[in-house]
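> Input: one structure, supplied below.
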Amino acid sequence: MITEELINPKSIVVVGGSNKTSKPGGNCIRNLLNGNYAGKLYAVNAREETVQGLPCYRHVRDIPPTDMAIISVPAPSCLETVTVLAQEKQVKAFIMFTAGFGETSEEGRLLETQIAQVASDAGAALLGPNCIGLLNRYHHSLFTLPIPEMDPFGVDMISSSGGTALFIMESSIRRGLRFNSVWSVGNAGQICVEDVLEYMDLRFNPETDPAIKLLYIESIKDPDKLLEHTSSLIRKGCRIAAIKSGTSESGSRAASSHTGAMTNPDLAVEALLRKAGVVRCFSREELATAGAVFTLKELKGKNIAIVTHAGGPAVILTDALARGGLEIPLLSDAPQAAGLKEQLLPGSSVCNPIDILGTGRPEHLALAIDYCESKFDGIDGIAVIFGSPGLTRVYEAYDVLDSKMRTCSKPIFPVLPSVSTACEETDYFVKLGHVNFSDEAGLADVLTKILKTPSPPANSLELKSVDVPAIRRIIDGITEPGYIAPHLVHDLFRASGIALVDEVVSDRWEEVRDFAAAVRYPVVAKVVGPVHKSDVGGVVLNIRSEEHLEIEFRRLMHIAGVTAVMIQPMLKGIELFAGATYEERFGHIVLCGLGGIFVEIFRDVASGLAPLSTGEALSMIRSLKGHRVFEGARGQSGIDELEFARIIVRLSALLRFAVEIKELDINPLLATDRGIIAVDARIRIEK
């Protein structure tokens, strides 16, 4: 519940306000006064007559009716304080700095719940407890510093952690970011990150509202709500980057499938953010860099030109961009290159990076940028590395950069590395309204993340080749939970349009023998029963005769836990993996990657949140580290990526209509010259 009184209160009382700015209540009042808060402002403090020149009351019962209350008193006093203010003083918004609630004990959690209920019953918003407050263009209700420069088209930041919000602001201010609002939700007793996003989404106006959102999330209370409003904001033109912390595991959990063994909370988060179109960051520096990149013109291709007066940083940037899959096209062979070289200093290079030398002047910088903007073909963005060479001041060069960033149609990424020798010039450049990047490799990494983050898909379910009624008939006919029989796996895959290898499953030698003769040797024999067949010696490849098959069949049937033997024709191809698991609150997480016995060791998997579109599935496939294998490495044949993507989409459609499936493995999916075929699969259901 977010009220107008929380956003733009006409009156504020600070309960626990103080003359001592070393206390939260005192520093908050100073921030409100320094921020030129335009409404009525007063304090409650039983020991003071006035607080920083403001009227001060001894008890909350003594104050006049008030829009918003900032609470900075000990936790045991908070319930009574909020009750009086909500029920007697018509307060419709609360910001609670006070800690000592759900983050410390069960007793604290219950008290926090009571306070939130009192606020909700009164129709009041509650931000916190255990937060640093709310900063916007109307009021600076924080008890901390720094206070960034406010701008109606600046960044909106929402953070679970107050301390982290401060440190993100520190990093962002250094880069030149300005802010429209900073929300610290703390324990999120009533208002959580998803609620703030909902508020921003439902009221978003592209003409008047900021389009950049930065998120630091510690707990996702409602994944569907987060997905709905982040993807909606992005479709409306916003750009969002987020850190989600607390996703690692101290140890791997026991699991009965490859998918279960590989799944962790981070894969669910990765799938959610990928589907939403949110750029995933892992550090404060990355998040601030993403925010700075978002303020620039959008990079719409992979070809980057680098203009520099220092060779080393340009090489570092080139390497980092190339690692991320971006291109630094050679420019020296272009017919325009000779004209540029003639106008630069002797010894300059126009290869790309374009090196104008440490003695290059501002006019040389302008010339190189102009060539990249309008004369060299196929350039999508320009990175400019320009610090102080220690010979002259660089104000004129930064004036050139300022002018070009305002007039060029392509994005220009200013890397200004002289944080000491040219700090005054960098501050001057930032005050002109620009961002800057001091580290070229960090910029490259974030550019890569942004380019590889897909747009949120349309909300449509792809059902081509999927027989939904057949899927439901099969699932409804299963009465026992657990791993289902191989023939039922086959039936479900056929209904889903997923091709399966021919096979027979039997404990009778005659049946196995006849099948092998029918499909022709060589064949593969696998045990049915044990989870990890290879671990018990339960997989035999390249069986070329009936005699060999009989020996292996007898041996396999004597392995502990084996109930039957599966026989398949021996196929050759690239081993792929696809699987899915059900995560509480998130739904089905679909995984894909390279398959085979090493899938759990290398863990090169991508995750997506079902249901998936073909575009989402292709994005997952192309994000894999082993993606080059799919393209055909070292003369080997590649795979049909589109067919692989369609299998992933059909798998996600199966899960959409068979929610009883809790784990599913296809390992391997074999990419052969006849198509991609499921060779081995397991499905576990819960009713």
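Numbers given in the working numbering equal positions in the sequence shown, counted from 1, plus 66.
Just so you know, even glycine gets a beta-carbon here, dropped at the ideal spot from N, CA and C.
1) Could you tell me whether the region 639-646 touches the region 583-599, using the rule of 3 or more Cβ pairs below 8 Å?
2) Touch check for the region 486-501 and the region 442-457: three-plus C-beta pairs under 8 Å?
3) Compare the C-beta of I742 against all C-beta atoms of chain D and say whether one is closer than 9 Å.
4) In this structure, how does DSSP classify G661 when only helix, strand and coil are distinguished?
5) Out of T361, Q256, S207, state which residue places its alpha-carbon closest to the alpha-carbon of G189.
6) Leaving out the 5 sequence neighbours to the left and right, which residues in its chain are closer than 6 Å to L637 when beta-carbon positions are compared?
7) What's the call for N767, buried or exposed, on a 16-neighbour Cβ count within 10 Å?
8) Compute the Euclidean distance between the alpha carbons of D288 and G653, then round it to the nearest angstrom.
9) Kindly give me the distance between the Cβ atoms of F167 and L177, rounded to whole angstroms, as I take these residues to be in contact under 8 Å.
10) Here's a check: name, in chain order, each residue in its chain whose Cβ is nearer than 6 Å to the Cβ of G228, leaving out the five neighbours to either side.
11) Quick one: give me the first and last residue of the beta strand (DSSP E) that S572 is part of.
12) Mind checking which residues open and close the beta strand (DSSP E) that includes S77?
13) Using 8 Å for Cβ pairs, my map puts L200 next to L193. What's the rounded Cβ distance?
14) Can you tell me the Cα-Cα spacing of G326 and S226, whole angstroms?
15) State the start and end residues of the unbroken beta strand (DSSP E) segment that holds G645.
16) Distance, Cα to Cα, A449 vs L387?
17) Restricting to Cα atoms, I'd like to know which of V695, E650, R716, E649 is closest to T756.
18) Do R346 and A371 have their beta-carbon atoms positioned less than 9 Å apart in this structure?
19) Out of curiosity, what's the CA-to-CA distance linking R722 and K530?
20) Output the distance between the C-alpha atoms of C144 and M67, rounded to the nearest integer angstrom.
21) Determine the direct distance from the alpha carbon of T149 to that of I655, and round the result to whole angstroms.
22) If I'm right that A510 touches L383 with Cβ under 8 Å, what's the distance once you round it to whole angstroms?
23) Apart from the five residues just before and just after S504, which ones in its own chain have a Cβ nearer than 6 Å to its Cβ?
24) Measure from the alpha carbon of S526 to the alpha carbon of each residue in P677, N111, S238, then state which is nearest.
25) In terms of alpha-carbon separation, which member of E528, A584, L339, Q153 lies closest to L281?
26) Could you tell me the alpha carbon to alpha carbon distance between N85 and V79, rounded to whole angstroms?
27) Counting C-beta neighbours from all protein chains within 10 Å, is the total for T374 16 or more, i.e. buried, or is it exposed?
28) Reducing DSSP to helix, strand and coil, say where C347 ends up.
29) Ignore the nearest five residues each way along the sequence and tell me which others in E697's own chain have a CB closer than 6 Å to its CB.
30) Whole angstroms are fine: how far does the CA of G357 sit from the CA of C438?
31) Could you please give me the residues that DSSP links to A634 through a beta bridge?
32) I think V126 touches G82, with their Cβ atoms under 8 Å apart; what is that distance to the nearest whole Å?
33) Taking DSSP's pairing of strands, which residues face R750 in a bridge?
34) Enumerated in chain order, which unbroken segments of the beta strand (DSSP E) with a length of 3 residues or greater are wholly contained in the region 244-276?
35) Between the Cα of N246 and those of M235, A254, E546, E569, spot the shortest distance and give me the residue it belongs to.
36) Does the beta-carbon distance from V496 to G119 come in below 9 Å?
Reading off the structure:
1) Not touching, per the Cβ criterion.
2) By the Cβ criterion, the region 486-501 is in contact with the region 442-457, since at least three pairs of Cβ atoms, one from each stretch, lie closer than 8 Å.
3) The chain labelled as chain D is not found in the depicted structure, where only one protein chain is given.
4) Coil, per DSSP.
5) G189 has its Cα closest to that of Q256, out of T361, Q256, S207.
6) Excluding positions up to five away in sequence, the list reads L736, T738.
7) Lying outside 67 to 753, the shown extent of the chain, residue 767 is not represented and no answer is given.
8) If you take the alpha carbons of D288 and G653, they lie about 12 Å apart.
9) Between F167 and L177 the beta-carbon gap is near 6 Å, inside 8 Å, which marks them as a contact.
10) The beta carbon of G228 sits closer than 6 Å to the beta carbons of C197, I198, S250 from its chain, once the five residues preceding and following it are set aside; these are given in chain order.
11) In the DSSP annotation of this structure, the continuous segment of the beta strand (DSSP E) that includes S572 starts and ends at 570-572.
12) If you look at S77, you'll find it in the beta strand (DSSP E) that goes 77-81.
13) Indeed they touch by this definition, with Cβ atoms about 6 Å apart.
14) Because the pLDDT at G326 is just 49, under 50, the model does not fix this residue reliably, and the point stays unresolved.
15) 640-649 is the span of the beta strand (DSSP E), which, as asked, contains G645.
16) Straight-line Cα distance between these residues: approximately 11 Å.
17) The shown model of the chain, from 67 to 753, leaves out residue 756, and the question about it has no answer.
18) No, these two residues do not count as a Cβ contact at 9 Å.
19) CA-to-CA, the gap between R722 and K530 works out to about 14 Å.
20) When only Cα atoms are considered, C144 and M67 end up about 19 Å apart.
21) Rounded to whole angstroms, I655 to T149 spans 43 Å at the Cα level.
22) Right, their Cβ atoms sit about 6 Å apart.
23) P483, V485.
24) Measuring from the Cα of S526, the nearest candidate turns out to be P677.
25) Out of E528, A584, L339, Q153, L339 has the C-alpha closest to the C-alpha of L281.
26) Take the alpha-carbon of N85 and the one of V79: they are about 14 Å apart.
27) That one is buried.
28) Of the three classes helix, strand and coil, the one that applies to C347 here is strand, per DSSP.
29) Around E697: G704.
30) About 25 Å.
31) It is worth fixing the name first, because residue 634 is Gln in this sequence and not Ala. As DSSP reads the structure, Q634 sits in a beta bridge with V590.
32) Actually they do not touch by this definition, with Cβ atoms about 10 Å apart.
33) Answer is Y549, E729.
34) Secondary structure within the region 244-276: the beta strand (DSSP E) runs of 3 or more consecutive residues, fully enclosed, are 245-250 (chain order).
35) Nearest in C-alpha terms to N246, of all of M235, A254, E546, E569, is M235.
36) No. Outside cutoff.
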